[in-house]
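**Student:** Handing you this structure, nothing more for now.
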Amino acid sequence: DTAVSQTPKYLVTQMGNDKSIKCEQNLGHDTMYWYKQDSKKFLKIMFSYNNKELIINETVPNRFSPKSPDKAHLNLHINSLELGDSAVYFCASNRRGSSTDTQYFGPGTRLTVL
Amino acid sequence: GENVEQHPSTLSVQEGDSAVIKCTYSDSASNYFPWYKQELGKRPQLIIDIRSNVGEKKDQRIAVTLNKTAKHFSLHITETQPEDSAVYFCAATGGTSYGKLTFGQGTILTVHP
């Protein structure tokens, strides 16, 4: 009974390619997030969707495009991949306005751009 | 926007000792402060959290304290065990951040047997 799942777990690709990462949660949450963790382990928010509406859009290159087809799914498409995009991408979810605001993280997708 | 500073960046202790990690935040509107533990190659997992209307919270060997006036909060781990070795992150959110967690830089905790 996986709570927050991501696919793929590993992604190795060449510079200039386009790739997508998928995230799904079965916790009944209404808000989902994408975080990027760089090689120094720093975790930084990229995007957030609440009920399929984009509510957080940090300073991220427009090569990154999130998409939320429904409350349980949040995908991340990356165009024209660059070496600097190599990182671990984590999806997270929570129920906004709940008593805890606890965000639950997915297992991460390790993206390596060669 | 919110800025969270975390210290120390690395912490090495002997098994059984206590470990303390400290964080400061900048946005006085922040009202929720979680702590996450991340083992190598794994996802961040919540270990304890505190809201701004509480000054201290304890869960077995782990405790968190919050000083709203000074805008800092700390994680205390007592009777450390080798399995406590991991990277620990503090975070802050609230106000108009739309739930966005702003993380500290992380602390690599090593507990030596």
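Line by line, the protein sequences give chains A and B. The letter at position 42 of the first sequence is residue 88 when you use our numbering, and the numbering goes up by one with no holes. The letter at position 4 of the second sequence is residue 5 when you use our numbering, and the numbering goes up by one with no holes. For every residue, glycine included, the Cβ atom is placed at its ideal position computed from N, Cα and C.
1. Under 7 Å between C-beta atoms, does B/V88 make it to chain A?
2. Quick one: what does DSSP say B/E3 is sitting in, helix, strand or coil?
3. By how many angstroms is the C-alpha of B/L12 removed from the C-alpha of A/H75?
4. Nearest-angstrom Cα distance between A/Y56 and A/L157?
5. Buried or exposed: where does A/R109 fall if 16 or more other Cβ atoms within 10 Å of its Cβ makes it buried?
6. Just the chain B side, please: which residues come within less than 7 Å of A/N97 by C-beta, in chain order?
7. Whole angstroms are fine: how far does the CA of B/T25 sit from the CA of A/N96?
8. Is the CB-CB distance between B/Y33 and A/D147 below 7 Å?
9. Is the Cβ-Cβ distance between A/I91 and A/Y81 less than 7 Å?
10. What residue range is occupied by the uninterrupted beta strand (DSSP E) comprising A/L129?
11. Does the beta carbon of A/D76 come closer than 7 Å to any beta carbon on chain B?
12. Along chain B, in chain order, which residues have C-beta atoms closer than 8 Å to that of A/L73?
13. Excluding the five sequence neighbours on either side, which residues of its own chain have a C-beta within less than 7 Å of the C-beta of A/T53, listed in chain order?
14. Could you pull out every residue in the same chain whose Cβ sits closer than 6 Å to the Cβ of B/I51, ignoring the five residues on either side in sequence?
15. Per DSSP, which residues does B/Y99 bridge with? Please list them.
16. Does DSSP put B/E84 in a helix, a strand or coil?
17. For B/Q39, does the three-state DSSP call read helix, strand or coil?
18. Along the beta strand (DSSP E) that carries A/R141, what are the first and last residues, could you check?
19. Does the separation of the CB atoms of A/L122 and A/P112 fall below 7 Å?
20. What does the alpha-carbon distance come out to for the pair B/P1 and A/S139?
21. Give the straight-line distance between the Cα atoms of A/M202 and A/R141, rounded to the nearest whole angstrom.
**Tutor:** From the atom records:
1. yes
2. coil
3. 35 Å
4. 6 Å
5. exposed
6. Under the 7 Å cutoff, chain B gives no residues; its nearest Cβ is about 12 Å from A/N97.
7. 28 Å
8. yes
9. yes
10. Run containing A/L129: none; DSSP gives neither H nor E here.
11. no
12. Going along chain B, no residue has its Cβ under 8 Å from A/L73, so there is no contact; the nearest lies around 13 Å.
13. K68
14. F34, K58, V65, L67
15. According to DSSP, B/Y99 bridges with nothing at all.
16. helix
17. strand
18. Run containing A/R141: none; DSSP gives neither H nor E here.
19. yes
20. Given that chain B is displayed from residue 2 to residue 114, the structure contains no residue 1 of chain B and the question cannot be resolved.
21. Nothing can be reported for residue 202 of chain A: it is not among the residues displayed for chain A, which extend from 47 to 160.
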